[in-house]
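Participant: The structure under discussion is supplied below as structure tokens; questions concerning it will follow.
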Amino acid sequence: PIIYLKKKKGDSIRNIIGASKEDKHIALVNFFTETGEYKLAPYLEEAYRTTVPNAFQKEFKETDQRVNLLYNALEGTSLRLFPVIDDENNRWISSAENRGDNKVIKDTLYSNFINTGFKTYLYFLNQGKRSNDFSESDKILGAILDTQYRYGSQVMLTESKIESEVLYNKYDIFRSLFSWYLYAGSLLFIVLIFQIFNNNRIINSLITIFKYSIYLLFILHAIGLCWRWYISGHAPWSDGYESMIYISWVTMLFGIVFGRRSDLTIASTAFVTSMILMIAHWSWMDPAIANLVPVLDSYWLMIHVSIIVGSYGPFTLSMILGLVTLILIILVNNKNKEIMA
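Take the sequence shown: its letters are residues 1 to 341, numbered as in the working numbering.
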């Protein structure tokens, strides 16, 4: 058993496939009937058709992806390691797709390498695991890499992009910014409320520290967007997740611009930005870096979308500033009227 099911969310799937509720991992064979029919099939069409799937549908989709990943790995179709020579769509294939009468590669030497290269690598890798000598497997791996650069260089990632994406995933900067913005904005807001009633040097120093901390977070936010842009090769507002992190950045930008007259604006905007980033990391948002849909691959469309999506930032800021203003108006009385003004 290798396919993981969540403890409670996966109980519906366990009932369908006839597994015990105590089983955390399920065997691939349990997902199919004796006649080879896929047990989850009746539930998947609606799950994939729904724009915003519920928890039940999401669990079905995730499980289906795990089943397909294992099934394709066993069939040898998931590892598309070999580029097709001179293919206009830069297609890559697995060794399983180049067998029998439907051979994609006409070059006999390259075709034989596709059919035997990866199996040979696995064989020498297993031998190396026993002898602790991986020199032979490294040679085969180097040969596979050479063919990838020779025939698929147009879509091969550079070493710098690979390293950048590894670091990007390691530090997960936008998930961290959510909590940092929340702490800095909330603390600044609290200190500003204290300043209304007790204005002294310590309070002013704390305000300066929190305010410049938010400036620093905004710079990190911008670096994160540029980082994602460099890795993906397209502007970071092409899907739901990217739109949210971009809107949060634009919101903070306008907050800093208008915050020159009021520190409360910066504090409020930092809090709103943290909420937008929190929503961006909810379970129905996919933070994975994906290829740009061809219909969006347009210079003018990129500018058009950036302005439209970015315009949500000022709207959000206006809402929160209006709310803060109403709260301050409620707090005004005869004793603090002059201070509040």
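All C-beta atoms, glycine included, are put in the ideal place defined by N, C-alpha and C.
In angstroms with no decimal places, state the Cα-to-Cα distance between Leu188 and Gln195.
Facilitator: 10 Å
Participant: Quick one: any contact between the region 51-68 and the region 80-90, if contact means 3 or more CB pairs under 8 Å?
Facilitator: Proximity of the region 51-68 to the region 80-90 falls short of the contact definition, fewer than three beta-carbon pairs being nearer than 8 Å.
Participant: For Pro287, does the three-state DSSP call read helix, strand or coil?
Facilitator: coil
Participant: If you pair each beta-carbon of the region 200-219 with each one of the region 256-268, do three or more pairs fall below 8 Å?
Facilitator: Two segments are said to touch when three or more pairs of C-beta atoms, one from each, lie closer than 8 Å; by this definition the region 200-219 touches the region 256-268.
Participant: Kindly identify the DSSP beta-bridge partner or partners of Phe82.
Facilitator: Ile93
Participant: Using the C-alpha atoms, what's the distance from Leu323 back to Leu331?
Facilitator: In this structure, the CA atom of Leu331 is about 13 Å from the CA atom of Leu323.
Participant: Since Leu206 contacts Ser274 with CB under 8 Å, what's their CB separation in whole angstroms?
Facilitator: Not quite, the Cβ-Cβ distance comes to about 19 Å (not below 8 Å), so this is no contact.
Participant: What residues in its chain sit with their C-beta under 6 Å from that of Ser248, if we drop five residues either side in the sequence?
Facilitator: Thr273, Ile276, Leu277
Participant: Taking the beta carbon of Gly233 as the centre, do at least 16 other beta carbons fall within 10 Å, making it buried, or is it exposed?
Facilitator: Counting every other CB atom within 10 Å of its CB across the protein chains shown gives Gly233 a total below 16, marking it as exposed.
Participant: At which residues does the alpha helix (DSSP H) containing Gly128 begin and terminate?
Facilitator: DSSP places Gly128 inside the alpha helix (DSSP H), whose first and last residues are 108-131.
Participant: List the whole-angstrom C-beta distance separating Ser137 from Phe118, where the pair is believed to meet the contact cut-off of C-beta under 8 Å.
Facilitator: About 11 Å; that fails the 8 Å criterion.
Participant: Since I believe Glu159 is in contact with Ile231 (beta carbons under 8 Å), could you give me their beta-carbon distance rounded to a whole number of angstroms?
Facilitator: With 8 Å as the limit, Ile231 and Glu159 do not qualify as a contact, their Cβ atoms being about 13 Å apart.
Participant: Count the CB pairs spanning the region 235-246 and the region 307-315 that are closer than 8 Å, and state whether there are at least three.
Facilitator: With a cut-off of 8 Å, the region 307-315 and the region 235-246 count as touching, because enough Cβ pairs lie within range.
Participant: Does DSSP classify Asp256 as helix, strand or coil?
Facilitator: The question names Asp, but residue 256 in the sequence shown is Ile. If DSSP states are grouped into helix, strand and coil, Ile256 belongs with the helices.
Participant: So, for Phe31: in the same chain, excluding its five sequence neighbours on each side, which residues have a beta-carbon less than 7 Å away from its beta-carbon?
Facilitator: Ile17, Tyr38, Lys39, Leu40, Val67
Participant: Could you tell me the distance, in whole angstroms, from the CA atom of Ser268 to the CA atom of Asn200?
Facilitator: 22 Å
Participant: Please report how far the alpha carbon of Ala222 lies from the alpha carbon of Ser318, in whole angstroms.
Facilitator: Separation of Ala222 and Ser318 (C-alpha to C-alpha, rounded to the nearest whole angstrom) is 22 Å.
Participant: Using CA coordinates, which residue listed in Tyr149, Lys139, His304, Phe218 is at the minimum distance from Ile266?
Facilitator: Phe218
Participant: Confirm, please, whether the CB-CB distance from Ile140 to Phe124 is below 9 Å.
Facilitator: yes
Participant: If Asn98 and Asn115 are in contact, beta carbons under 8 Å, what's the gap, nearest whole angstrom?
Facilitator: 6 Å
Participant: Just confirm the distance between the C-beta atoms of Arg228 and Ile279, as a whole number of angstroms; I'd bet it's less than 8 Å.
Facilitator: The pair is not a contact, with the Cβ atoms about 18 Å apart (cut-off 8 Å).
Participant: Go ahead and pull the three-state DSSP assignment for His221.
Facilitator: helix
Participant: Count the other CB atoms, across all protein chains shown, that sit within 10 Å of the CB of Ala184; report buried if there are 16 or more and exposed otherwise.
Facilitator: buried
Participant: Short of 8 Å in beta carbon distance, which residues of its chain neighbour Gly316, apart from the five on each side in sequence? Order them along the chain.
Facilitator: Looking at the sequence shown, residue 316 is not Gly but Thr. Here the set comprises Ile247, Thr251, Val272, Ile276.
Participant: For a quick check, are the C-beta atoms of Met302 and Ala235 less than 9 Å apart?
Facilitator: yes
Participant: From this set, Leu225, Leu321, Ile327, which residue's C-alpha is nearest Ser345's C-alpha?
Facilitator: This structure leaves residue 345 out entirely; the chain is present only between 1 and 341.
Participant: So, are the CB atoms of Leu177 and Leu220 less than 9 Å apart?
Facilitator: yes
Participant: Over the uninterrupted alpha helix (DSSP H) stretch that includes Asn72, give me the two end residues.
Facilitator: 55-75
Participant: For Phe32, which beta-bridge partners are listed by DSSP?
Facilitator: Tyr38
Participant: Alpha carbons only, please: which of Lys9, Leu28, Leu192 is nearest the one belonging to Leu74?
Facilitator: Leu74 has its Cα closest to that of Leu28, out of Lys9, Leu28, Leu192.
Participant: Tell me, to the nearest whole angstrom, how far the beta carbon of Val191 is from that of Asn90; I am working on the premise that it is less than 8 Å.
Facilitator: Going by Cβ atoms, the distance from Val191 to Asn90 rounds to 55 Å, so no, they are not a contact pair.
Participant: Put His304 into one of helix, strand or coil per three-state DSSP.
Facilitator: helix
Participant: Locate the alpha helix (DSSP H) running through Gln148, then write down its first and last residues.
Facilitator: That run of the alpha helix (DSSP H) goes 135-152.
Participant: Quick check: the Cα distance between Val52 and Gly10, rounded to an integer number of angstroms?
Facilitator: 19 Å
Participant: In terms of DSSP beta bridges, what is His342 paired with?
Facilitator: Residue coverage of the chain in this structure runs from 1 to 341, which leaves residue 342 outside it and unanswerable.
Participant: Let's see if you can read the secondary structure: which residues bound the alpha helix (DSSP H) around Glu165?
Facilitator: 159-171
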